Amino acid sequence: MGIYFARQIYFKANRYISKFELEKEYKPNIHYKALHSQAAQQILRSVYESFKSYKELIKAYRKGKIENIPRLPKYRKKGGLALVSYPKQALRLIDGNIRIPLGSQVKCWFGIDSFRLPLPSNIEFDEIRELRILPRNRCFYVELVYKKEIETPSGEPENVLGIDPGLDNWLTCVSNVGTSFIIDGKHIKSMNRWYNKQISTIKQGQAHLKGFWSKDIAAITEKRNRQMRDGINKAARLVIHHCLENQIGRVIFGWNKGGKHEIRLGKKINSEFVPIPTARLKERIAQLCQQYGIEFIETEESYTSKTSFSDG
6 MGIYFARQIY
16 FKANRYISKF
26 ELEKEYKPNI
36 HYKALHSQAA
46 QQILRSVYES
56 FKSYKELIKA
66 YRKGKIENIP
76 RLPKYRKKGG
86 LALVSYPKQA
96 LRLIDGNIRI
106 PLGSQVKCWF
116 GIDSFRLPLP
126 SNIEFDEIRE
136 LRILPRNRCF
146 YVELVYKKEI
156 ETPSGEPENV
166 LGIDPGLDNW
176 LTCVSNVGTS
186 FIIDGKHIKS
196 MNRWYNKQIS
206 TIKQGQAHLK
216 GFWSKDIAAI
226 TEKRNRQMRD
236 GINKAARLVI
246 HHCLENQIGR
256 VIFGWNKGGK
266 HEIRLGKKIN
276 SEFVPIPTAR
286 LKERIAQLCQ
296 QYGIEFIETE
306 ESYTSKTSFS
316 DG
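Quick note: the sequence shown uses my numbering, first residue 6, plus one each step.
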């Protein structure tokens, strides 16, 4: 409903919504009251932030800073679900469980005002900053956002690790301290082939149904996503552990900002390459670098591919 109102304001009044306009408009709404007030506010403010981001991207596009024209935030598909987030102030810890409040309207409908989820044993409640409930592939996941201190840098800034992403060799890593290693990408490719084959089999005879989706596809997709997340985390950890063990204080990651779609690949190879989440791996390495006080630099891929540390 927030997207609808914001789009109508944009098209009919030729302006963008203000920060608190949606809350003022929807506060009496029964759907707003079904959510806890702080969770409802977070949702509507995310709509404001998406339109604010669109506004800034349009400015950048008109100045020639980005190539593709930005798209106005769209309506959610029928039956689609959205992320719900709770700030720490809305949460309570009771007998080892996190109490998550619901809205007053839910209490009127069903006689309940909250539900509880167990606190993970590796997280302190006082460290939590936000709780998110994320719908994905017909399942619900809980994300806990918590503060983590950045460790004191232990590496030397002049010790550098260069990383080139690829296909069979997912990451080729070479340092200027005499170390090198390769993270194999064949297993990731194999998982993608299995996924694509399974999806193709399920969709046979359903080509006439636009956006066809099923429980089987959701289950297979979620399995594939978990496998990819696991592969990303393990690969990123290998990179960081190598840096820590060898006193490396800087990581240079070669990256084609236009994306791998720009590379002229065969049809078969391209179908394997595009789904490989190398961008997510890059982001995860950057996150871990920040956590461990290692400088992360993203540069044009051709630089790391064509330049060696001995070139001077």
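We treat Cβ as the ideally placed atom computed from N, Cα and C, and that holds for glycine. Given the structure is predicted, the values throughout are model-derived calculations rather than measurements.
task = Kindly provide the ranges of any alpha helix (DSSP H) runs that are 4 or more residues long and lie completely inside the region 121-208, ordered along the chain.
result = 191-208
request  = Pick helix, strand or coil for Glu61, following the three-state DSSP scheme.
outcome  = helix
ask   = Considering Ile103, what are the terminal residues of the beta strand (DSSP E) in which it resides?
value = Asn102 to Pro106
task = Could you tell me whether any Cβ in chain D is nearer than 9 Å to the Cβ of Tyr31?
result = No chain D is part of this structure, which consists of one protein chain only.
query = Can Ile128 and Leu96 be called in contact, C-beta distance under 9 Å?
reply = no
task = Please work out which residues of its chain come closer than 7 Å, Cβ to Cβ, to Gly254, disregarding the five sequence neighbours upstream and downstream, and give them in chain order.
result = Pro158, Gly160, Glu161, Pro162, Asn164, Ile299 and Glu300
query = So Trp260 is in the beta strand (DSSP E); what residue range does that whole segment cover?
reply = Ile253 to Trp260
inquiry  = Nearest by alpha-carbon distance to Cys178: which of Leu62, Ile48, Ile290 and Tyr31 is it?
reply    = Ile290
request  = Compute the Euclidean distance between the alpha carbons of Trp199 and Gln209, then round it to the nearest angstrom.
outcome  = 16 Å
message = Excluding the 5 residues flanking Ile281 on each side, which residues of the same chain have their C-beta closer than 6 Å to its C-beta?
response = Ile193
ask   = How long is the line joining the alpha carbons of Gly116 and Arg285, rounded to whole angstroms?
value = 42 Å
inquiry  = Please return the same chain residues whose Cβ sits closer than 6 Å to the Cβ of Glu303, not counting the five positions on each side in sequence.
reply    = Phe258 and Trp260
query = Whole-angstrom Cβ separation of Arg81 and Asn102, contact assumed at under 8 Å?
reply = Actually they are not in contact, since the Cβ atoms of Arg81 and Asn102 sit about 31 Å apart, beyond 8 Å.
ask   = Any idea what DSSP makes of Leu286, helix, strand or coil?
value = helix
query = Can you tell which of Gly85, Ile35 and Ile63 has its C-alpha closest to the C-alpha of Cys113?
reply = Ile35
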